[in-house]
Each structure stands twice: as structure tokens, then as C-alpha cells.
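Beneath this line is the structure, given in C-alpha cells, with notes to follow.
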Amino acid sequence: DAFLNSATLLEADLNEANLSRANLSKANLSKTYLRNVCLNGAHLSGINLSGADLGGIDLRQKLLTGINLAGAYLSEANLEGALLMDANLSASNLSSANLSKSCLINADLRNTHLGNANLADANLMGANLSGADLRGANLKGAILANTEIKGAQLHGATLPNGKVYN
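Taking this note's numbering, the leading residue of the sequence shown gets 82, the next gets one more, and so forth.
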């Protein structure tokens with residue numbers, strides 16, 4: 082068990098590291114490499130992962146409230162059921178990511194690449210999706226109340242009602 086609360090590990094290469102049960106709350110891991118990292122039981126609230134490479138990472142059911150993932154690479158990441166309230170995901174790459182059943186209330190998703198992402202049954206209430214690329218994304222059953230989608234690209238996306246946007 083590592084205690085890295087409020088630690089700074091800028092641009093570190095942590096690929097394939099075992100960070101199980103590590104306390105990374107409020108740590109600054111900006112621009113780090115975190116592919117194939119084990120985060121089972123890790124505490125991640127308030128962590129700064131802006132610009133980090135997290136491609137394919139498994140963050141299912143994780144509490145990620147207030148996390149900073151601005152500009153992060155999360156292509157094919159598994160965030161099913163993750164709690165991302167007030168998270169900053171602006172300009173990040175979440176293409177083909179699984180965000181089904183995730184809670185993205187008030188999340189900042191401006192200019193985020195969500196092409197072919199699975200957002201089925203996700204709660205996006207109050208989220209900002211302005212300028213986001215949602216082409217081919219699955220939003221079936223998603224909650225979009227008070228969600229800003231100005232300038233978002235929706236071609237081929239499955240809308241909450243199950244219809245495909247042309």
C-alpha cells in the first residue's frame with residue numbers, strides 16, 4: 082500500500098505499475114504514462130491526470146469526483162459505472178471508451194473526443210459537451226437534462242431515445 086496523497090510525479094513512466102490500494106488523492110500525475118496499471122482499491126479523488134496516457138485503463142466503479150483528466154488519452158478505457166461528478170475531461174480522448182452507467186453530473190467534456198464511446202445509461206445531467214465529437218457514440222438511455230451540446234458532432238450517434246442521429 083503506497084501513500085502518495087498530494088504527491089507530484091510529473092511525466093513519470095508508471096506503465097504496468099501495481100498501485101493497488103495506493104492513496105493517490107490530490108496527487109499530481111500530469112503527463113504520466115499509466116497504461117496497464119493496476120489501481121484496484123486505489124483512492125483517486127481529486128487527482129490531477131491532465132495530459133496523462135491512460136489508454137485501455139480499467140477504472141470501473143471508481144470514485145473519481147473532481148478528477149482532472151483534461152487532455153488525457155483514455156481511448157478504449159473502461160469507466161463503466163465510474164463516479165465522475167465535477168470531473169474535468171475537456172479536450173481528452175475517450176474514443177471507444179466504455180462510460181456506460183457512469184455518473185458525469187456537471188462534468189466538463191468540452192471538445193472531448195467521444196467517437197464510438199459507450200455512454201448508454203450514463204448520467205450527464207448538467208455536463209458540458211460543447212464542441213465534443215460524439216460521432217457513432219451510444220447515448221441510449223443517457224440522462225441529458227441541462228446538458229450543453231452546442232457545436233457537438235452527433236452524426237451516427239444513438240440518442241437517448243434509441244434513434245440514430247443523421
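Note that beta-carbon positions come from the ideal geometry of N, C-alpha and C, so glycine has one too.
Remember, it's a predicted structure, so these values are computed and weren't measured experimentally.
Are residue 146 and residue 175 closer than 8 Å when you measure CB to CB? Residue 146 sits at position 65 when you count from the first residue of the sequence shown. Residue 175 sits at position 94 when you count from the first residue of the sequence shown. No.
Out of 207, 241, 177, 223, point me to the one whose CA is closest to residue 214's CA. What you label residue 214 is simply residue 133 of the sequence shown in a count that begins at 1. Nearest of 207, 241, 177, 223 to residue 214, Cα basis: 177.
Inter-residue CB distance, residue 169 and residue 150 (contact presumed, cutoff 8 Å): In the sequence shown, the residue the question calls residue 169 occupies position 88. In the sequence shown, the residue the question calls residue 150 occupies position 69. With a Cβ gap of about 6 Å, residue 169 and residue 150 count as contacting.
Where does residue 128 fall in DSSP's three states? Translated into the one-based positions of the sequence shown, residue 128 becomes position 47. Coil.
Tell whether a beta-carbon distance below 8 Å holds between residue 218 and residue 197. Working through the sequence shown from its first residue, we reach residue 218 at position 137. Working through the sequence shown from its first residue, we reach residue 197 at position 116. Result yes, Cβ atoms of residue 218 and residue 197 sit closer than 8 Å.
Closest by CA to residue 233, which one among 121, 171, 202, 243? Start at 1 with the first residue of the sequence shown, and residue 233 comes out as number 152. Checking every option, the nearest Cα to that of residue 233 belongs to 171.
Using a Cβ-Cβ cutoff of less than 7 Å, which residues in the same chain neighbour residue 132 once the five nearest sequence positions on both sides are dropped? Reading the sequence shown from its first residue, position 51 is the one you call residue 132. Hits under 7 Å: 111, 112, 152, 153.
Using DSSP bridges, identify the partner residues of residue 167. Here residue 167 refers to the residue found at position 86 when the sequence shown is read from its first residue. Residue 167 pairs with nothing; no bridge assigned.
Straight-line CA distance for residue 202 to residue 230? As a first step, residue 202 is located in the sequence shown; it is residue number 121 there, counting from the start. As a first step, residue 230 is located in the sequence shown; it is residue number 149 there, counting from the start. Going from the Cα of residue 202 to the Cα of residue 230 covers about 17 Å.
So is residue 102 buried or exposed if we call it buried at 16+ other beta carbons inside 10 Å? For this step, residue 102 is matched to residue 21 along the sequence shown. It counts as exposed.
Which class does residue 99 belong to by DSSP, given the choice of helix, strand or coil? Position 18 of the sequence shown, counted from the start, is the residue given in the question as residue 99. Here residue 99 sits in strand by DSSP.
From the DSSP output, in three-state form, read off residue 230 for me. The sequence position of residue 230 within the sequence shown is 149, counting from 1. Residue 230: coil per DSSP, three-state reduction.
Residue 99, buried or exposed, once every other Cβ within 10 Å from all chains shown has been counted against 16: Stepping through the sequence shown from its first residue, residue 99 is reached at position 18. Exposed, by the Cβ-count rule.
For residue 96, which of 109, 116, 83 has the nearest alpha-carbon? Translated into positions along the sequence shown, residue 96 becomes position 15. With distances taken between Cα atoms, residue 96 lies closest to 116.
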